[in-house]
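Residue numbers (my numbering): -13 to 197. Read through the structure below, which is laid out as structure tokens, and then see the notes.
Put into structure tokens, the structure is as follows:
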């Protein structure tokens, strides 16, 4: 027969065990919630479209038919797009560059619009991935993170994103637009830079072609 003292000890032991179980459960819940929060933050940074509410109506318009460069002035079809006035726009034979500043460095973040290749038909997504092999660091391995079809000025276009494990500064978002006899290219490098995450998709929305 248990004495009152023994009953008291048993009760205390049970209470102690219950408290330990509750504390352990609380610790497990807290660790799990922290993992979820970290995952949510990671997904937000990686997958969300940033600044979708940017108003492009007051952005200046680039028109290739009014270019001072012969290569663009005679380019057919002519193309137009809008871009943020705070970005620096420069032209050369490869296309129209948008940057935040002119530094003379080849690795500064940039958006390049207007690179051109011959349109030989076929699946545009396959072609775009094949073309990407010959971009920066063409001989380095790359991982494709995103492949999808989008519409630009009524044209089914390829949108891909890939990274270089060995060359993070050259991680690229690349869009191929098949227009008549050409493939019109748009690239953003690196894809996680401020200029690309903020403006790349919005600039795509403003691209138009004219005969």
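Cβ atoms here follow ideal geometry from the backbone N, Cα and C, with glycine treated the same way.
Start and end of the alpha helix (DSSP H) containing residue 56? As a first step, residue 56 is located in the chain shown; it is residue number 70 there, counting from the start. Bounds of the alpha helix (DSSP H) holding residue 56 are 56 to 59.
When you compare only the Cα positions, how much space is there between residue 177 and residue 60? Here the question's residue 177 lines up with position 191 in the chain shown. Here the question's residue 60 lines up with position 74 in the chain shown. If you take the alpha carbons of residue 177 and residue 60, they lie about 31 Å apart.
For residue 55, count the other beta carbons within 10 Å of its own beta carbon; 16 or more makes it buried, fewer makes it exposed. Which is it? Mapped onto the chain shown, residue 55 falls at position 69. Classification for residue 55: exposed.
Going by DSSP, what residue range makes up the alpha helix (DSSP H) through residue 116? Here residue 116 refers to the residue found at position 130 of the chain shown. 110 to 118 is the span of the alpha helix (DSSP H), which, as asked, contains residue 116.
Extent of the continuous alpha helix (DSSP H) run through residue 139: If you number the chain shown from 1, residue 139 lands on position 153. Taken as a continuous stretch (DSSP letters only), residue 139 belongs to no alpha helix (DSSP H), as it is neither H nor E.
Under 8 Å, do residue 72 and residue 85 count as touching if we go by C-beta distance? To locate residue 72, count along the chain shown from 1; it is residue 86. To locate residue 85, count along the chain shown from 1; it is residue 99. No; because the gap between Cβ atoms is not below 8 Å, this pair is not in contact.
Spatial neighbours of residue 132 within its chain, please: CB distance less than 6 Å, with the 5 preceding and 5 following residues excluded, ordered by chain position. Taking the chain shown and counting its residues from 1, one reaches residue 132 at position 146. Excluding residues within five positions, the ones whose Cβ falls inside 6 Å are 147.
If you drop the 5 nearest sequence neighbours on each side, which residues of the same chain put their C-beta closer than 8 Å to that of residue 103? Counting from 1 along the chain shown, the entry for residue 103 is found at position 117. Around residue 103: 117, 168, 169, 171.
Helix, strand or coil, according to DSSP, for residue 192 in the structure here? Counting from 1 along the chain shown, the entry for residue 192 is found at position 206. Per DSSP, reduced to three states, the secondary structure at residue 192 is helical.
Please tell me whether residue 68 and residue 46 are closer than 8 Å, where the distance is taken between their beta carbons. Counting from 1 along the chain shown, the entry for residue 68 is found at position 82. Counting from 1 along the chain shown, the entry for residue 46 is found at position 60. The Cβ atoms of residue 68 and residue 46 sit closer than 8 Å to each other.
Just curious, the beta strand (DSSP E) that residue 48 is in, first and last residue? Numbered from its first residue, the chain shown carries residue 48 at position 62. Where residue 48 is concerned, the enclosing beta strand (DSSP E) stretches over 47 to 49.
Only counting the same chain, and skipping five residues up and downstream in sequence, which positions put a Cβ closer than 6 Å to that of residue 65? Taking the chain shown and counting its residues from 1, the one referred to as residue 65 is at position 79. Once the five neighbours on either side are set aside, the close Cβ partners of residue 65 are 50, 195.
At the level of alpha carbons, what is the spacing between residue 166 and residue 105? Residue mapping note: residue 166 aligns to position 180 of the chain shown, counting from 1. Residue mapping note: residue 105 aligns to position 119 of the chain shown, counting from 1. For residue 166 and residue 105, the distance between alpha carbons rounds to 7 Å.
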